[in-house]
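Enquirer: Got a structure here, written out as structure tokens. Questions coming.
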Amino acid sequence: MDSTLKEWLLNAVMVVALLLVPLWAWLANEPFIITLATRIAILALAGVGLNIALGLGGMVSFGHALYLGIGGYVAGIAAHHAFHGTTVLGLPGTNQMLPIWAIAMILSGAIAGVVGALSLRTSGIFFIMITLAFAQMGFFFALSWPAYGGEDGLPIFVRNQFPGLNTLRPWEFFLISYGVLLVALGLFALLRAARFGAALMAIRQNPDRVAALGITPFGVKLVAFVLSGMITGLAGALMADLTRFVSPAMMAWTMSGELIVIIILGGVGRLFGPVAGAAILVGFEVFFGGLTEHWKLWLGLVLLGVVLFARGGIIGLIAGRAHHG
Amino acid sequence: MTLALMLEQLLNGVQFGLMLFLMSAGLTLVFGVMGLINLAHGSLYMIGAFLCAAVAAATGNFWLGLIAGIAAAAAAGALIEIVVIRRLYARDHLDQVLATFALILILSEGVRMIFGPFPLYLNVPDVLRGTVRLGVVDYSLYRLALIGFGLAVALGLWALITKTRLGIRIRAGESDREMIAALGVNIRALYTIVFALGAALAGLAGALVGAIQSVQVGMGEPVLILAFVVIVIGGIGSIKGAMVGALLVGVIDTMGRFLLPRVFATFLDASQAMGVGAALASMLIYLLMALVLIFRPKGLFPAHG
């Protein structure tokens, strides 16, 4: 079978399975399974964001947890002020997801713009390190800033609301996360097929030739980096609502590492790579976490095996080395 | 704020910086010679500390523990290089980051399986207990010894790199690895030696610092990230850069945590000043790194011109 067709079939299976499994869990009254599926959808969303920068643009950001954390803190701080009826910077808090998402995306986009503009002056290992440094700045800032819980984190007492749905019901909150993920995947596919995506992928392969064609690599990469940060920031706002808790751990460097792991396990640059990767990571945690407390050892071994022997991730393993940009 | 307190913090900063240098030297050598970014360097630091604590507890002798820690870290380094790292030299940085991230997971869980989830404690050796009078300040003898140790190792490393045949090969490997392989140097063995040397230095740092902190799983990663900051500031591949970067980071971080809350206290109320000061102080070195990368994208002492 043609490998592109195989990948499409695999993608279709993932879309349906990610909907049907929690649907079954909803009917069978298994809220834990629904929560797991929601976690997979949100982590996949964060991965879709990183996949724009890393997969399409070849920018190895080792600091994407920063945007996850920014989104999370926007949700947490807005809910905190709404709950206590206080204001922040003269504005009231809110417990509505739509404005929270907008603010989370604007703020993470703005910060990604600053970080990107400075970091994209470097490349290779320096880019990896400087993105890590900016994320560490955010992490330590959140850790030592006492107003919103500092080290202890900030609880969200009541999950934020979405018009027409009851977000307190796991199934309905899952549908929201799943819907956002599908929209983001659609955007990713459009972006990849558009001239912008073609330019971005060409820059990854040979920036000098793209520059010779009259396209400024810096501008294209920066826009991609900002979009990438915005989507990961949105995932952060959803993640905070899922766990009803934000803490500096969301910005920890291990989280940045996990986001990269999600993309690599699934398959770099592939549309559904983050979905497959998030499902593997969460599945691994639940399955092996139940068997042994040392499940991270096995995760490490699997990851090492994938990096050394299975380039192209799990989708690449099943669908073959489809050429993907 | 007294002069004595200032002096003590400054010495603490230098001591911290020299320990960071031990970590950074190996990291920067491995990058300079093999072009490899090794996240698992912090795990070697942890292995050094755990072995030192375990052997010191079993034998009652700190120095035996120190030797065991260095040997274990070097052996672990050589083993990792031969089994995993060797396959990564030709890969891109993304693969190196991921594979060594996987190694962190494996080594951390491995150490947790062997030594259990609780921290170990390592006592300062008897001869280095107590304090010593330095002008206006009573300073911990052990920390002073760490400064001496760090300087001695730095000197030894400098002599090794500039005066010995191994050092010549390492420097040649940094400039042109194909050429020295063509000249008949066993490049695979050289890489293993360089990696084990860096691992031994990390193990030494872990064992030495283990006596003033608790020895626990995950102790290596914060130091690892600081060591990355150091080598990026200093210029990746440059030992001199690592030294300058390590001292800058050690002193700025320590003095920032000490001074900033006090500076803010002059115009903010006390609790607010503590919060703002601490928040800014913990960001200071990352700010420094970002500034260095913006104005000197290859670091202060670029290794390759």
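So the sequence lines, in the order shown, correspond to chains A and B. End of the first sequence sits at 325 in our numbering; the numbers just go up one at a time, nothing left out. End of the second sequence sits at 305 in our numbering; the numbers just go up one at a time, nothing left out. Even for Gly, the Cβ is constructed at its ideal location relative to N, Cα and C.
Quick one: which unbroken alpha helix (DSSP H) runs of 4-plus residues sit fully inside the segment 177-237 of chain A? Chain order, please.
Expert: If we require 4 residues or more, the alpha helix (DSSP H) runs fully inside the segment 177-237 of chain A come out as 195-205, 207-212.
Enquirer: Going by beta carbon distance, what residues of the same chain come within less than 7 angstroms of Val60/A, once the five residues before and after it are set aside?
Expert: Residue mapping note: residue 60/A aligns to position 60 of the first sequence, counting from 1. Around Val60/A: Leu54, Phe127, Ile128.
Enquirer: Under 9 angstroms between the Cβ atoms of Gly42/B and Gly234/B?
Expert: Within the second sequence, residue 42/B is the residue found at index 42, counting from 1. Within the second sequence, residue 234/B is the residue found at index 234, counting from 1. No, they are not a contact pair.
Enquirer: Let me make sure I understand the geometry here. Which of Ala73/B, Arg262/B, Ala199/B has the alpha-carbon closest to that of Met274/B?
Expert: For this step, residue 274/B is matched to residue 274 along the second sequence. Met274/B has its Cα closest to that of Arg262/B, out of Ala73/B, Arg262/B, Ala199/B.
Enquirer: If you reduce the DSSP assignment to three classes, tell me which class Ser140/B lands in.
Expert: Position 140 of the second sequence, counted from the first residue, corresponds to residue 140/B. Ser140/B falls in the strand class under three-state DSSP.
Enquirer: Tell me whether Gly156/B is buried or exposed, calling it buried when 16 or more other Cβ atoms sit within 10 Å of its Cβ.
Expert: The count along the second sequence starts at 1 and reaches residue 156/B at position 156. Gly156/B is exposed by the Cβ-count criterion.
Enquirer: Are the C-beta of Val30/B and some C-beta of chain A separated by less than 9 angstroms?
Expert: Mapped onto the second sequence, residue 30/B falls at position 30. Not one chain A Cβ lies under 9 angstroms of Val30/B.
Enquirer: Can you tell me whether Met179/B is buried or exposed? The criterion is at least 16 other CB atoms within 10 Å of its CB, across all chains shown.
Expert: As a first step, residue 179/B is located in the second sequence; it is residue number 179 there, counting from the start. The residue in question, Met179/B, is exposed, as its Cβ has fewer than 16 Cβ neighbours within 10 Å.
Enquirer: Which residue spans inside the segment 54-105 of chain B form an unbroken beta strand (DSSP E) run of at least 3?
Expert: DSSP runs (the beta strand (DSSP E)) wholly in the segment 54-105 of chain B: none.
Enquirer: Just checking my contact of Lys240/B with Phe301/B at CB under 8 angstroms: how many whole Å lie between their CB atoms?
Expert: Here residue 240/B corresponds to residue number 240 of the second sequence, with the count starting at 1. Here residue 301/B corresponds to residue number 301 of the second sequence, with the count starting at 1. Yes, Lys240/B and Phe301/B are in contact; Cβ-Cβ is about 5 angstroms, under 8 angstroms.
Enquirer: So what's Leu317/A in DSSP terms, helix, strand or just coil?
Expert: Here residue 317/A refers to the residue found at position 317 when the first sequence is read from its first residue. DSSP places Leu317/A in helix when its eight states are reduced to three.
Enquirer: Which residues of chain B have a Cβ atom closer than 8 angstroms to the Cβ of Ile130/A, listed in chain order?
Expert: As a position in the first sequence, residue 130/A is number 130, starting the count at 1. Val232, Met289, Ala290, Leu293, listed in chain order.
Enquirer: Helix, strand or coil: how does DSSP classify Thr162/B here?
Expert: As a first step, residue 162/B must be located in the second sequence, where it is residue number 162. Helix, per DSSP.
Enquirer: Of the residues Val127/B, Val14/B, Leu7/B, which one's Cα is nearest the Cα of Gly245/B?
Expert: Locating residue 245/B in the second sequence gives position 245, counting from the first residue. Looking at the Cα atoms, Val14/B is the closest of the given residues.
Enquirer: Assuming contact is defined by CB atoms lying nearer than 9 angstroms, are Ala207/B and Ala49/B in contact in what I supplied?
Expert: On the second sequence, residue 207/B is found 207 positions in, with the first residue counted as 1. On the second sequence, residue 49/B is found 49 positions in, with the first residue counted as 1. Yes. Within cutoff.
Enquirer: Mind pulling the alpha helix (DSSP H) runs of 4 or more residues that sit fully within the segment 180-239 of chain B?
Expert: For the segment 180-239 of chain B, whole alpha helix (DSSP H) runs of length 4 or above, ordered along the chain, are 187-210, 220-234.
Enquirer: For my contact list, Leu91/A and Met201/A are in at a C-beta cut-off of 8 angstroms; report their separation, rounded to the angstrom.
Expert: Reading the first sequence from its first residue, position 91 is the one you call residue 91/A. Reading the first sequence from its first residue, position 201 is the one you call residue 201/A. With 8 angstroms as the limit, Leu91/A and Met201/A do not qualify as a contact, their Cβ atoms being about 40 angstroms apart.
Enquirer: In chain order, what are the residue ranges of uninterrupted alpha helix (DSSP H) at least 4 long that sit wholly in the segment 21-108 of chain A?
Expert: As far as the segment 21-108 of chain A is concerned, its whole alpha helix (DSSP H) runs of at least 4 residues are 31-51, 65-84.
Enquirer: Counting along the chain, where does the beta strand (DSSP E) carrying Val132/B start and finish?
Expert: Working through the second sequence from its first residue, we reach residue 132/B at position 132. Counting along the chain, the beta strand (DSSP E) containing Val132/B begins and ends at 131-134.
Enquirer: Shortest alpha-carbon distance to Ser108/B belongs to which of Gly305/A, Ile315/A, Leu301/A?
Expert: Against the second sequence, residue 108/B aligns to sequence position 108. Here the closest residue by C-alpha is Leu301/A.
Enquirer: In chain A, which residues lie less than 8 angstroms from Pro297/B when you measure between Cβ atoms?
Expert: For the purposes of this step, residue 297/B is identified with residue 297 of the second sequence, where counting begins at 1. Neighbours of Pro297/B on chain A, chain order: Arg121, Thr122, Phe126.
Enquirer: Using three-state DSSP, classify Leu175/A as helix, strand or coil.
Expert: Residue 175/A sits at position 175 when you count from the first residue of the first sequence. Leu175/A: helix per DSSP, three-state reduction.
Enquirer: Quick check: is the beta carbon of Thr167/A nearer than 9 angstroms to any beta carbon in chain B?
Expert: The residue you call residue 167/A lines up with position 167 of the first sequence. Closer than 9 angstroms: no.
Enquirer: I want to verify the contact list: residues of chain B whose CB lies under 7 angstroms from the CB of Gln136/A, in sequence order.
Expert: Residue 136/A sits at position 136 when you count from the first residue of the first sequence. The answer, in chain order, is Ile225, Tyr286.
Enquirer: With a cut-off of 9 angstroms, does the C-beta of Ser144/A fall near any C-beta of chain B?
Expert: Here residue 144/A refers to the residue found at position 144 of the first sequence. Yes, Ser144/A counts as interfacial toward chain B.
Enquirer: If we define contact as Cβ-Cβ less than 9 angstroms, is Phe62/A a contact residue for chain B?
Expert: On the first sequence, position 62 is the one that residue 62/A refers to. With 9 angstroms as the cut-off, Phe62/A counts as an interface residue toward chain B.
Enquirer: Just how far apart, CA to CA, sit His324/A and Gly269/A?
Expert: Here residue 324/A is taken as the residue at index 324 of the first sequence, counted from 1. Here residue 269/A is taken as the residue at index 269 of the first sequence, counted from 1. Interpretation of His324/A is limited by its pLDDT of 47, a score under 50 that renders its predicted location unreliable; the figure taken from the coordinates is listed afterwards. If I take the Cα positions, the gap works out to 7 angstroms.
Enquirer: Measure the CB-CB distance between Leu18/B and Leu144/B and report whether it falls below 9 angstroms.
Expert: The residue given as residue 18/B occupies position 18 in the second sequence. The residue given as residue 144/B occupies position 144 in the second sequence. Contact: no.
Enquirer: Using a Cβ cut-off of 9 angstroms, pull out every chain B residue sitting near Gly257/A, in sequence order please.
Expert: The residue you call residue 257/A lines up with position 257 of the first sequence. Residues of chain B passing the Cβ test: Leu39, Val97, Leu98, Phe101, Ile104.
Enquirer: Any beta carbon of chain A sitting closer than 9 angstroms to that of Gly13/B?
Expert: As a first step, residue 13/B is located in the second sequence; it is residue number 13 there, counting from the start. Chain A, which has no Cβ nearer than 9 angstroms to the Cβ of Gly13/B, makes this no.
Enquirer: Taking only the alpha-carbon atoms, compute the straight-line gap between His64/A and Ala110/A and give it to the nearest angstrom.
Expert: One-based indexing of the first sequence puts residue 64/A at position 64. One-based indexing of the first sequence puts residue 110/A at position 110. If you take the alpha carbons of His64/A and Ala110/A, they lie about 14 angstroms apart.
Enquirer: Could you tell me the alpha carbon to alpha carbon distance between Leu335/A and Leu143/A, rounded to whole angstroms?
Expert: Here chain A has residues from 1 to 325 only, and residue 335/A is not among them.
Enquirer: Per DSSP, what are the beta-bridge partners of Val246/A in this structure?
Expert: In the first sequence, the residue the question calls residue 246/A occupies position 246. Leu154/A.
Enquirer: From what residue to what residue does the alpha helix (DSSP H) around Gln15/B run?
Expert: On the second sequence, residue 15/B is found 15 positions in, with the first residue counted as 1. Gln15/B -> alpha helix (DSSP H) spans 3-34.
Enquirer: Tell me the start and end of each unbroken alpha helix (DSSP H) in the segment 237-294 of chain A that is at least 4 residues and wholly inside, in chain order.
Expert: For the segment 237-294 of chain A, whole alpha helix (DSSP H) runs of length 4 or above, ordered along the chain, are 253-266, 273-291.
Enquirer: Could you check where the alpha helix (DSSP H) with Thr131/A kicks off and where it finishes?
Expert: As a working note, residue 131/A is residue 131 in the first sequence. Thr131/A -> alpha helix (DSSP H) spans 124-144.
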